[in-house]
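Trainee: Mind looking over this structure? Questions follow.
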């Protein structure tokens, strides 16, 4: 009897083992992580030092031994599990005792929680992002983009409800700060833990996709901020840190991280190991995942200087450079219309040179030098300290001769954040009095420089209604300022309207050409010419006054003769009741050399103000803010009147030929059909 019981027990063990061995067959399906199929889920994970690998979850009552994965012979483990379904939570169990969150989990409960099986199914509406030279970027943080009366953090739903506000500005791209799962509920996002999972405190993955879809329906592209120069460092122990139990030392990170001196970063000893093929693929796949599965329109890669080198003046990391080249080549091949932006901050033109030339291959990069030259000219306490030559350098600085290779701004999360000890530009101008005349005047002067200089312009959320103080991740925008400073918001709308050439008479702002022909460091005045191809409706003149003294008859050079209409005067009292409404009149350029140009004209520019002039007329003839039938009626009357001088035509002679004719009709109809406003 005793021998019989022993035999039964032995056969039972063999039966269980046989069942386990039978189940542990490598999957032939592609993909890594948890990939659902019609009748189950494929699990695949990289763990080269594991002896056994199981997956536990709601589908097997969290058994640590019931569902093994098979070793594929290359450090990867996989299996097709028919019982695992969408929405099931799961973890990997390594060597029977080490429970880990899937590094490629597409959804997680939290940064220390389980992975969730999630499908990529989503019905996207086709969307074409704006051309890079037409792009206007709005940087936003989902966690603080919500009503001050609501509990935080912000969510995808709260941000979606505010998209009409962003659209009304004329913005056509948003750059969302990092949203990969991070520790806790509040963060700037630059401490990612689960790179493939959207932050759970903001909502579920489908809610993020709905936000992107709603952006697209409003003509707004979405650019995601991605962090690969370090990870975490907190909460990594549940997933990537010493993932399969291996580490060279107790304090080093194992298979995903450098274990030599390359591991050190200013944010923790957690730099990914760019020399390991599987880690390189992990990062490359993550980039392509966001662009593909979330239908995103571009990336901004954080701190690329810390991917290509240990730190300032420290050894280079060549494999970091080649990783970025590989990623950018992949983006160019799969998504040529999607933009890849670097935050390198070292004024390095090789970042945006092509990989064929040996560059990193990014399409654009943040131009910190623009900020560092313009903002001091705004925040200096006295006019004599403002260096207009620095302003000139900020306007003309380009990478490799291309305007779209730089992103320019006066405010960004780094430059206004409490984490870096900084504050908003109006606050810097007069601490404690951000709504003062000087703060309003000089901060909007800076904004005008952003939208008129060559480069992709960017603004930081709340800048449009004079948000003050220092920004931090748990402080929502003060939306009451949207009403209080409605005029300032209108100023930003007008600048964006002109920057995007929405009335057809400032096309030069879409070009890369710039000639700073006038620098008066004594009077603190600068003037420059922007153009794409040149001519009526293309040439743009910008006059900026960085002093408290306004000028009524200030003579400058002009590239073309004739009438130049004022398109924008930042001193208009409609923007703010404290503004002086300085007489910035249409200019008449006459023959006579000035500033190296063949013509000259007198202009009027108020204190701390910018005036933008161009030739040609605005199709919005009624001044209602939109091109519609009312404008057509005015146009038709002018055509029937057969006027023969520009003034008599009241602006319907768009090409300034002297008559209203078929050319003008075609111009008008094109803007009417586009619904220009």
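Residue numbers (the numbering used here): 2 to 678. Every residue, glycine too, gets a C-beta built ideally from N, C-alpha and C.
Measuring CB atoms only, is the stretch 100–119 touching the stretch 150–160, in the sense that at least three cross pairs come out at less than 8 Å?
Mentor: no
Trainee: Between the stretch 599–606 and the stretch 542–561, are three or more C-beta pairs nearer than 8 Å?
Mentor: yes
Trainee: With a threshold of 16 other CB atoms inside 10 Å of the CB of residue 136, please say whether the residue is buried or exposed.
Mentor: With 16 or more other CB atoms across the displayed protein chains lying within 10 angstroms of its CB, residue 136 is buried.
Trainee: Just the Cα atoms here: how many angstroms apart are residue 332 and residue 226?
Mentor: Residue 332 and residue 226: Cα-Cα distance of roughly 15 Å.
Trainee: Out of 274, 295, 84, state which residue places its alpha-carbon closest to the alpha-carbon of residue 323.
Mentor: 274
Trainee: Roughly how many whole angstroms lie between the Cα atoms of residue 592 and residue 419?
Mentor: C-alpha separation (whole angstroms): 53 Å.
Trainee: Below 8 Å between beta carbons: does that hold for residue 570 and residue 612?
Mentor: yes
Trainee: Start and end of the alpha helix (DSSP H) containing residue 28?
Mentor: Looking at the DSSP string, residue 28 is not in any alpha helix (DSSP H), and its letter there is neither H nor E.
Trainee: To the nearest angstrom, how far is the alpha carbon of residue 46 from that of residue 105?
Mentor: 8 Å
Trainee: When we look at the beta-carbon of residue 430 and count the other beta-carbons within 10 Å, is it buried (16 or more) or exposed?
Mentor: That one is buried.
Trainee: Would you give the residue range spanned by the alpha helix (DSSP H) that residue 636 belongs to?
Mentor: 630–641
Trainee: Hey, out of 603, 615, 238, 468, whose CA is closest to residue 433's CA?
Mentor: Of 603, 615, 238, 468, the residue nearest in Cα terms is 468.
Trainee: Taking the alpha-carbon positions, what's the residue 313 to residue 402 distance?
Mentor: 26 Å
Trainee: May I ask you to report which of helix, strand or coil DSSP gives residue 99?
Mentor: strand
Trainee: Output the distance between the C-alpha atoms of residue 145 and residue 311, rounded to the nearest integer angstrom.
Mentor: Take the alpha-carbon of residue 145 and the one of residue 311: they are about 32 Å apart.
Trainee: Roughly how many whole angstroms lie between the Cα atoms of residue 294 and residue 563?
Mentor: Distance between the alpha carbons of residue 294 and residue 563 is about 53 Å.
Trainee: Does DSSP classify residue 665 as helix, strand or coil?
Mentor: Residue 665: helix per DSSP, three-state reduction.
Trainee: Tell me whether the beta-carbon of residue 456 lies closer than 8 Å to the beta-carbon of residue 500.
Mentor: no
Trainee: Which term fits residue 280, buried or exposed, when burial requires 16 or more other beta carbons within 10 angstroms of its beta carbon?
Mentor: Only buried fits residue 280, as 16 or more other CB atoms lie within 10 angstroms of its CB.
Trainee: Please look up how many angstroms separate the CB atoms of residue 606 and residue 588, rounded, as I've assumed it's under 8 Å.
Mentor: Not a contact, Cβ separation roughly 11 Å.
Trainee: Using only the alpha-carbon positions, how far apart do residue 222 and residue 123 sit?
Mentor: 18 Å
Trainee: Decide if residue 126 is buried, meaning its Cβ has at least 16 other Cβ atoms within 10 Å, or exposed.
Mentor: exposed
Trainee: Taking its Cβ as the centre, do 16 or more other Cβ atoms sit within 10 Å of residue 1, making it buried, or is it exposed?
Mentor: Nothing can be reported for residue 1, as the shown portion of the chain is limited to 2 through 678.
Trainee: In chain order, what residues of the same chain lie with their CB nearer than 8 Å to the CB of residue 303, ignoring the 5 residues before and after it?
Mentor: Listed in chain order, the non-local C-beta contacts of residue 303 below 8 Å within the same chain comprise 179, 191, 226, 227, 228, 229, 230, 344, local neighbours out to five positions each way being set aside.
Trainee: Okay, do the stretch 502–510 and the stretch 531–544 touch, 3+ Cβ pairs below 8 Å being the bar?
Mentor: yes
Trainee: Count the other CB atoms, across all protein chains shown, that sit within 10 Å of the CB of residue 667; report buried if there are 16 or more and exposed otherwise.
Mentor: exposed
Trainee: Jot down the residue ranges of each uninterrupted alpha helix (DSSP H) in the stretch 426–480, minimum 4 residues, whole runs only, in chain order.
Mentor: 426–430, 438–453
Trainee: Just the C-alpha distance for residue 689 and residue 256, rounded to the nearest angstrom, thanks.
Mentor: Any answer about residue 689 is impossible in this case: the structure gives the chain only from 2 up to 678.
Trainee: Which value, in whole angstroms, describes the spacing of the CA atoms of residue 155 and residue 147?
Mentor: 5 Å
Trainee: Specify the secondary structure class of residue 208 as computed by DSSP and reduced to three states.
Mentor: helix
Trainee: My guess is that residue 1 and residue 325 are in contact by the Cβ rule of under 8 Å, so how many angstroms apart are they, rounded?
Mentor: In the structure as shown, the chain starts at 2 and stops at 678, and residue 1 therefore has no counterpart that could be examined.
Trainee: How about the stretch 231–240 and the stretch 262–276: do they share at least three Cβ pairs that are nearer than 8 Å?
Mentor: yes
Trainee: Going by DSSP, name the residue or residues bridged to residue 366.
Mentor: The partner list for residue 366 (beta bridge, DSSP) reads 343, 407.
Trainee: Are residue 114 and residue 157 touching if we call contact CB-CB under 8 Å?
Mentor: no
Trainee: Does the beta-carbon distance from residue 399 to residue 610 come in below 8 Å?
Mentor: no
Trainee: Just to confirm, is the Cβ distance from residue 25 to residue 71 under 8 Å?
Mentor: yes
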